[in-house]
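Chains as they are written, first to last, in this note's numbering: chain A, 10 to 135; chain B, 363 to 724. Don't be surprised by glycine CBs; every beta carbon is placed ideally from N, CA and C. Just so we're clear, the structure is a prediction, and the values are computed from it rather than from any experiment.
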Amino acid sequence: MSYPENFRYTKEHEWILVEGDTGTVGLTDHAQKELGDIVYVDLPKPGMAVEAGKALGSVESVKAVSDIYSPVSGEVLEVNGLLATAPEKLNEDPHGAAWLVKIRLSNPAEIDGLMSAADYQAYLGG
Amino acid sequence: MLKQIPLAEVHRALGAKMVDFGGWEMPLQYTGILEEHRAVRTAAGLFDVSHMGEIEIRGPQALDLVQWVSTNNAAKLADGQVHYSGLLYEHGGFADDILVHRVSATHFFLCVNASNQDKDYEHIASQNRWGCVVENNGSKYAQLAVQGPRAPEILQKLTAVALAEIRYYRFRDGEVCGRAARIARTGYTGEDGFELYLAPGDAAEVWHALLDAGREFGIKPCGLGARNTLRMEAGMALYGHEIDASITPLEAGLEWIVKWDKGDFCGRARLEKRKAEGVRRRLAGFEMRGRGIGRDGYEVRAGGQPAGWVTSGGPSPALNKNIGMCYLPAELAQPGTAIEIMVREQPVEAVTVPIPFYRRPK
Numbered sequence: 010m011s012y013p014e015n016f017r018y019t020k021e022h023e024w025i026l027v028e029g030d031t032g033t034v035g036l037t038d039h040a041q042k043e044l045g046d047i048v049y050v051d052l053p054k055p056g057m058a059v060e061a062g063k064a065l066g067s068v069e070s071v072k073a074v075s076d077i078y079s080p081v082s083g084e085v086l087e088v089n090g091l092l093a094t095a096p097e098k099l100n101e102d103p104h105g106a107a108w109l110v111k112i113r114l115s116n117p118a119e120i121d122g123l124m125s126a127a128d129y130q131a132y133l134g135g
Numbered sequence: 363m364l365k366q367i368p369l370a371e372v373h374r375a376l377g378a379k380m381v382d383f384g385g386w387e388m389p390l391q392y393t394g395i396l397e398e399h400r401a402v403r404t405a406a407g408l409f410d411v412s413h414m415g416e417i418e419i420r421g422p423q424a425l426d427l428v429q430w431v432s433t434n435n436a437a438k439l440a441d442g443q444v445h446y447s448g449l450l451y452e453h454g455g456f457a458d459d460i461l462v463h464r465v466s467a468t469h470f471f472l473c474v475n476a477s478n479q480d481k482d483y484e485h486i487a488s489q490n491r492w493g494c495v496v497e498n499n500g501s502k503y504a505q506l507a508v509q510g511p512r513a514p515e516i517l518q519k520l521t522a523v524a525l526a527e528i529r530y531y532r533f534r535d536g537e538v539c540g541r542a543a544r545i546a547r548t549g550y551t552g553e554d555g556f557e558l559y560l561a562p563g564d565a566a567e568v569w570h571a572l573l574d575a576g577r578e579f580g581i582k583p584c585g586l587g588a589r590n591t592l593r594m595e596a597g598m599a600l601y602g603h604e605i606d607a608s609i610t611p612l613e614a615g616l617e618w619i620v621k622w623d624k625g626d627f628c629g630r631a632r633l634e635k636r637k638a639e640g641v642r643r644r645l646a647g648f649e650m651r652g653r654g655i656g657r658d659g660y661e662v663r664a665g666g667q668p669a670g671w672v673t674s675g676g677p678s679p680a681l682n683k684n685i686g687m688c689y690l691p692a693e694l695a696q697p698g699t700a701i702e703i704m705v706r707e708q709p710v711e712a713v714t715v716p717i718p719f720y721r722r723p724k
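This is the structure:
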């Protein structure tokens, strides 16, 4: 799977797509592969404040539980309801239908600290 | 440096994700834990469990040593018979849980947990007052497990041994693919199947032959991930989780492997004392009722108060529920008790249920 050029990436394997002052956040294909079969996703509720680099929620595979970190600070606008009933979609379409949350950015400058698709792939390669 | 099993390269070539398991580099999964788990429940799975240890006890008084170090009654074993047993310390806690195979009256073959094999060997050797020859032979055997309802048909294609004549918990020495093999009808999945003990140099050939023979039946190579979810559904203990040196068979629901009428054995005095005093905590099964998964080490509460801990937990693919096992005060351990599992500081409702969670259809 390719890593979209218009996303930004974290070292903890989240992606964010920024459109205006809204960021859509998800897990990368690398993350879903490392986790294996995903069986449960725990996400914040709309209206909650999140902080860049802090836990946003968690994702559980058959084997283990891992934290999801927010790439940016802001307020949760929307949560992907699909994942409550079909967490396995995260294995199938991590860069598309299985996005996690939409966040209203409180500090858009934080985006500059994230990796480009090329940087992220180099990071995975190294 | 991780210890290597003979087939590590074969697993990498199959695309396995390798992990450190108790010092061995082992396959965690190939295509996915759920898919592998379902293959074993519905068709067959092939596991490389060559990390497991083998300890052999030989001599005219081999039975005396086996009887002293283990809790089950090995005097009842016939040649070619296997049983599950406990290896206890003097204080009654588990050194290990083991399978005892009687090869002959003067030769017993013990299959022990990988990470315990050296301390098991030292423990057994230290108790050897009968002049037995005790050998720590883990490196002399590879072990493959073919498990699942189609396992007998698959293995039968590769051996002249009449597998239908090997009953559950029996074994025979014969050949698989023309290679010497100890063929035991045992397993750690809750399904029918066989565990094969082979010379390490023969393992690759037998592995590939089993995958080829099983293709028409839907066999899949399976890793430790599926091995864990399968044994958990079947309610089987895993050393370091349900049992360890601080746990006796009385707490672990394993009094059935303690044969009180067999005579003295290492740990017996302390077990008797504990039994007379009353067992204070017991292993219980649980099912999650709320959203969340109870995992190993999570705190268990009852009525808002700390009551115990989760020993193993995760999703059950066969039941489509989140299940687990935990230690609770004895009075709370019977099925039907409302408990809470602390999942990341939040109490999530669960209820105790009987073990095992899954029984294979007869």
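- Those residues of the region 33-51 of chain A placed with their C-beta closer than 8 Å to a C-beta in chain B are G45, D46, V48, Y49 and D51, ordered along the chain.
- Under a 10 Å Cβ-count criterion, Y18 of chain A is classified as buried, with 16 or more other Cβ atoms of the shown protein chains found around its own Cβ.
- Excluding the 5 residues flanking it on each side, S678 of chain B has same chain C-beta neighbours closer than 8 Å at T591, M594, E595, N684, I685, F719 and Y720, in chain order.
- Rounded to whole angstroms, I528 of chain B and I545 of chain B show a C-alpha spacing of 9 Å.
- In the DSSP secondary-structure assignment, K365 of chain B is bridged to B:W386.
- T591 of chain B reaches chain A at V71, counting residues in chain order whose Cβ is nearer than 8 Å.
- Using a Cβ-Cβ cut-off of 8 Å, S67 of chain A is close to R706 of chain B, given in chain order.
- According to the DSSP assignment, T673 of chain B belongs to the beta strand (DSSP E) that extends over Q667 to S678.
- Where L133 of chain A is concerned, the enclosing alpha helix (DSSP H) starts and stops at A126 to G134.
- K724 of chain B has a beta carbon lying at 9 Å or more from every beta carbon in chain A.
- DSSP places N684 of chain B in the uninterrupted beta strand (DSSP E) bounded by K683 to P691.
- Residue-level contact check: I703 of chain B does not touch chain A, since none of the beta carbons of chain A fall below 9 Å from its beta carbon.
- Interface criterion not met: the Cβ of V88 of chain A is under 9 Å from no Cβ in chain B.
- Counting of Cβ neighbours within 10 angstroms places Y530 of chain B among the exposed residues, the total staying below 16.
- Between N684 of chain B and chain A, the shortest Cβ-Cβ separation is below 9 Å.
- Here S488 of chain B is exposed. Its C-beta has fewer than 16 other C-beta atoms within 10 Å.
- Rounded to whole angstroms, G625 of chain B and L44 of chain A show a C-alpha spacing of 50 Å.
- About 19 Å separates the Cβ atoms of Y49 of chain A and I701 of chain B, ruling out a contact at the 8 Å cut-off.
- Under the three-state reduction of DSSP output, W492 of chain B falls in the coil class, being neither helix nor strand.
- When DSSP assignments are scanned along the region 414-482 of chain B, the uninterrupted stretches of beta strand (DSSP E) that are 3 or more residues long and fall wholly within it turn out to be 415-420, 443-450, 456-466 and 469-474.
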